[in-house]
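These notes concern the structure reproduced below.
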Amino acid sequence: MCEVDKAEALRRLEEEIRTCTRCRLHATRTHAVPGEGPYNAMVMFIGEAPGYYEDKQGKPFVGAAGRYLNKLLAQSGLRREEVYITNIVKCRPPKNRDPLPDEIQACEPFLDRQIELIDPRIIVTLGRFALHHFIPGASITRVHGQPRKIGKRLFFPVFHPAAGLYQPKWQPLLEEDFRKLGQLVQALRENPDSASYEQLSLFPENGEARGDTTQ
Ligand code: URA
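Here's what the structure looks like:
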């Protein structure tokens, strides 16, 4: 698909998400939140679900967790405008409750299509809901900050920024993980053809075969 078609396909997909009625969450939302960022972003961030402010504005990560995410991005040397940011579930669950399994299931095809179209080199999962979409049952406390190759992409799990706000003890870990992410992105920019982070000689201690990822 050519670049113009890709951009148009993503715009149409975002429109489809805005008008979706596949699950009960459409009845209580103000706006669906498809995601935002360039159609050809090298890095995609995936959170859990929109909160109060995201629902009001139709944009991802614009509340307190979003401000902290912006700070982490800046520290890692990434600009928010150059990454794509979305969520597992595109509509706000009432009172910010956890998304239910059938809501996640109804929404997942949208995420899969976003990934296919944008084709990011790196997917950063924010928190356990996004992590479990790709690595079911993995423990975030064990795997955060460890890049892992699945298919042609690198997955980089980190804690959810909201976890850092509620529990400041997680902030140094989040900041360290975003620093590593910045290094990874920089290395991929310098060596765009390298197939994996092992070839980039980054984080050799975090081999793919590290094994036990379950709780
Ligand atoms: N938390 C999320 O997981 N996503 C948002 O968009 C905002 C807060």
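Going by the working numbering, the sequence shown opens with residue 111, and the numbers climb by one from there.
C-beta atoms are modelled at their ideal positions from N, C-alpha and C, and glycine is treated no differently.
Between residue i and residue j, what straight-line distance do the alpha-carbon atoms span, to the nearest angstrom?
i, j, result
"proline 282", "alanine 272", "14 Å"
"leucine 221", "glutamine 293", "26 Å"
"phenylalanine 269", "isoleucine 250", "7 Å"
"valine 253", "isoleucine 233", "14 Å"
"aspartate 165", "glycine 147", "17 Å"
"arginine 134", "alanine 297", "43 Å"
"alanine 151", "aspartate 208", "28 Å"
"glutamine 325", "proline 246", "Summary for glutamine 325: the model assigns pLDDT 32, below 50, so the residue's position carries little reliability, and this model does not support an answer."
"lysine 205", "serine 304", "44 Å"
"glutamine 215", "alanine 137", "17 Å"
Can you say whether residue i is buried or exposed, counting buried as having 16 or more other CB atoms within 10 angstroms of its CB?
i, result
"glutamate 158", "buried"
"asparagine 197", "buried"
"proline 257", "buried"
"methionine 154", "buried"
"aspartate 287", "buried"
"leucine 182", "buried"
"glutamine 277", "exposed"
If I follow the unbroken beta strand (DSSP E) through residue i, where does it start and stop?
i, result
"glycine 157", "153-157"
"proline 271", "Counting along the chain, proline 271 falls outside any beta strand (DSSP E), though it belongs to the alpha helix (DSSP H) covering 271-276."
"threonine 251", "Unbroken run through threonine 251 is the alpha helix (DSSP H), 250-253; no beta strand (DSSP E)."
"phenylalanine 171", "Looking at the DSSP string, phenylalanine 171 is not in any beta strand (DSSP E), and its letter there is neither H nor E."
Using C-beta distances below 6 Å, list every residue in its chain close to residue i, excluding the 5 sequence neighbours before and after it, in chain order.
i, result
"phenylalanine 244", "Phe265"
"glutamate 126", "none"
"cysteine 217", "Val199 and Lys200"
Tell me whether residue i counts as near the ligand URA, meaning its Cβ is closer than 7 Å to at least one heavy atom of that ligand.
i, result
"glutamate 218", "no"
"leucine 329", "Coverage of the chain is limited to positions 111 through 325, which leaves residue 329 absent and any answer about it impossible."
"proline 204", "no"
"aspartate 171", "The question names aspartate, yet the displayed sequence has phenylalanine at residue 171. Yes, the ligand URA has a heavy atom inside 7 Å of this Cβ."
"leucine 227", "no"
"glutamate 164", "yes"
"glycine 176", "yes"
"histidine 270", "yes"
"alanine 158", "Note that residue 158 corresponds to glutamate in the displayed sequence, not to alanine. True, at least one ligand heavy atom lies under 7 Å from that Cβ."
"valine 143", "yes"
In the DSSP assignment, find the unbroken alpha helix (DSSP H) run with residue i in it and report its ends.
i, result
"arginine 223", "211-228"
"phenylalanine 288", "281-300"
"valine 114", "113-128"
Considering only residues of the same chain and omitting the five flanking positions on each side of residue i, which have a CB-CB separation below 7 Å?
i, result
"asparagine 180", "Arg190"
"glutamate 318", "Per-residue confidence for glutamate 318 stands at a pLDDT of 41, beneath the threshold of 50, marking its modelled position as unreliable; the derived number appears in the next sentence. So the list reads Arg258 and Lys259, once near-sequence residues are dropped."
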